[in-house]
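This note's numbering applies: residue 26 is where the sequence shown begins, and numbers increase by one.
Working notes for the structure below.
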Amino acid sequence: MKEDRLFFSAKHSEIKKGKVTDVYFLKTMKILKHLNLEDTEVKAEVFAGESGIFCGLKEVLNLLEDSECKIYSLKEGEKFSKKEVVLRIEGNYSEFGIYETAILGILASSSGWATAAYKCKQAAGEKPVVCFGSRHVHPSVAPVMERSAKVGGVDGVSCVLAADILGIKPLGTIPHAAILIAGSTEKIATAYDEVMPEDEPRIILVDTFKDEAQESLDIARILGKKLEGVRLDTPKERGGVTPDLVREVRKRLDLEGFSHVKIFVSGGLNPEKIKTLSEAGADAFGVGWYISAAPPIEMTMDIKEVEGKPIAKRGRIPGITENKRLKRVK
């Protein structure tokens with residue numbers, strides 16, 4: 026194993042050089058060059074193994090930006106159905122053949138993350154959903170994952186680089202680490218209010234040392250109208266955030282005159298839990314694992330035409346598949 030790499034993720038230049046391809050594509054190019062067939066004109070289609078939300082097109086276009094290929098595709102954020110053709114490439118095989126692995130990987134992972142995000146947002150309705158998934162994936166792909174989540178419909182991301190790529194502000198409150206080090210939620214809340222800009226929402230984590238409802242009231246009394254919300258992140262060891270807990274916190278805040286304080290929940294959320302907690306009174310959601318751990322959506326590339334003649338492997342229909350939703354993007 027080479028130990029001269031700081032990280033084992035592929036560099037941009039290595040992806041562009043085809044270094045992340047499956048080796049049999051390199052063998053294919055060597056053989057085709059030997060036969061003087063490497064520049065054969067083909068049409069290739071990518072279809073999905075299941076339904077989902079399309080994502081990853083921008084990176085595919087960047088990968089093939091130096092080619093003369095024509096590319097037809099769905100738009101990012103569009104729904105696709107099982108077996109639907111989501112992208113078609115027309116051009117000399119030599120210009121994109123070694124990139125098949127990368128193209129499929131980009132679309133599979135990005136669409137998987139976008140689809141999971143879409144399901145969370147559908148469950149939340151008009152209430153905000155923020156992606157907190159970066160800690161669950163390799164840092165080299167964290168921005169890709171959170172950008173995909175934004176394409177899928179979430180309202181914000183927490184990863185600083187992902188937000189920078191998207192041109193938006195990263196969202197997040199404070200971790201338990203700050204409160205544990207300070208030894209007091211009240212101390213952290215006061216300091217947060219003192220050091221953060223006025224336009225930064227005052228949302229404080231309230232489950233570190235005390236009962237969530239009690240900490241919510243304590244912080245509300247300190248910050249008053251400046252407190253925008255409290256975040257419930259009760260660990261699974263204590264049952265996680267439950268509908269009853271949300272209802273109790275909501276009621277106790279209301280009774281004390283803090284109806285303006287919103288309840289932000291996080292920790293082990295999925296679409297079903299989001300829907301249940303929303304009905305109980307939760308106002309916003311931070312979703313990590315469900316989005317970041319979403320399985321890739323299988324993508325398959327088939328050559329369907331060679332030098333203008335319909336063709337396909339056995340089991341597939343020869344010739345390009347008509348899909349009027351595909352638009353020329355390159």
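The C-beta atom is built at its ideal place from N, Cα and C for all residues, glycine as well.
Rounded to the nearest angstrom, what separates S284 and A238 at their Cα positions?
Distance between the alpha carbons of S284 and A238: 14 Å.
So F50 is in the alpha helix (DSSP H); what residue range does that whole segment cover?
Its alpha helix (DSSP H) spans residues V48 to H59.
Please determine if the region 105-120 and the region 68-76 are in contact, where contact requires at least 3 C-beta pairs separated by less than 8 Å.
In this structure the region 105-120 touches the region 68-76; the number of beta carbon pairs closer than 8 Å is three or more.
N-terminal and C-terminal residue of the beta strand (DSSP E) that E237 is part of
Residue range E237 to L248 is occupied by the alpha helix (DSSP H) that includes E237, with no beta strand (DSSP E) assigned at that position.
Since L257 and D232 should fall inside the 8 Å C-beta cutoff, what is the C-beta to C-beta distance between them, to a whole number of angstroms?
About 6 Å; that satisfies the 8 Å criterion.
Considering Cα atoms alone, identify which of D64, S98 and C80 is closest to E347.
Of D64, S98 and C80, the residue nearest in Cα terms is S98.
Beta-carbon contacts of L132 that lie in its chain and below 6 Å, excluding the five residues immediately before and after:
Counting only Cβ-Cβ distances below 6 Å, and skipping sequence neighbours, we find G81 and M324.
Which residues mark the beginning and the end of the alpha helix (DSSP H) in which S159 is found?
Careful: S159 lies outside any alpha helix (DSSP H) and carries neither H nor E.
From T301 to P320, what does the alpha carbon distance come to, in whole angstroms?
For T301 and P320, the distance between alpha carbons rounds to 24 Å.
In or out: P343 buried (at least 16 other Cβ within 10 Å) or exposed?
Around the C-beta of P343, fewer than 16 other C-beta atoms lie within 10 Å, and the residue is accordingly described as exposed.
Report yes or no: do the region 254-270 and the region 278-296 share at least 3 C-beta pairs separated by less than 8 Å?
Segments in contact, yes.
Contact under 8 Å by Cβ, I288 with V312
V312 sits away from I288, with the two beta carbons spaced by 8 Å or more.
By the DSSP assignment, the alpha helix (DSSP H) with K298 in it spans what residues?
P296 to A305 is the span of the alpha helix (DSSP H), which, as asked, contains K298.
Can you tell me whether DSSP reads L257 as helix, strand or coil?
L257 carries a strand assignment under DSSP once its states are collapsed to helix, strand and coil.
Using a threshold of 8 Å, state whether the C-beta atoms of A149 and S317 are closer than that.
Not a contact, by the Cβ cut-off of 8 Å.
For the region 268-277 against the region 118-127, do three or more pairs of beta-carbon atoms, one drawn from each stretch, fall closer than 8 Å, so that the two count as touching?
Segments in contact, no.
Could you check where the alpha helix (DSSP H) with K83 kicks off and where it finishes?
K83 -> alpha helix (DSSP H) spans L82 to L88.
Quick one: give me the first and last residue of the alpha helix (DSSP H) that Y11 is part of.
The displayed coordinates of the chain run from 26 to 355. Any statement about residue 11 would go beyond what the structure contains.
Need the endpoints of the beta strand (DSSP E) that V71 sits in, please.
E66 to A73 is the span of the beta strand (DSSP E), which, as asked, contains V71.
What is the residue span of the beta strand (DSSP E) that K95 lies within?
Per DSSP, K95 belongs to the beta strand (DSSP E) from K95 to S98.
Can you find the residues in the same chain that come closer than 7 Å, C-beta to C-beta, to R339, ignoring five residues on each side of it along the sequence?
Within the same chain, R339 has no close Cβ partners at all.
In angstroms, rounded to a whole number, what distance separates the CA positions of E39 and V45?
Their Cα atoms are separated by approximately 7 Å.
Do P200 and C184 have their beta-carbon atoms positioned less than 8 Å apart in this structure?
For the 8 Å CB-CB criterion, C184 and P200 do not form a contact.
Three-state class that DSSP yields for P268 in the structure shown
Of the three classes helix, strand and coil, the one that applies to P268 here is helix, per DSSP.
According to DSSP, simplified to helix, strand and coil, what is R227?
Strand, per DSSP.
Name the residue from A202, R30, Y124 and A307 whose alpha carbon lies nearest to the alpha carbon of V48.
If we check each option's Cα against that of V48, Y124 comes out closest.
L86 and K355 closer than 8 Å at C-beta:
Contact flag set, yes.
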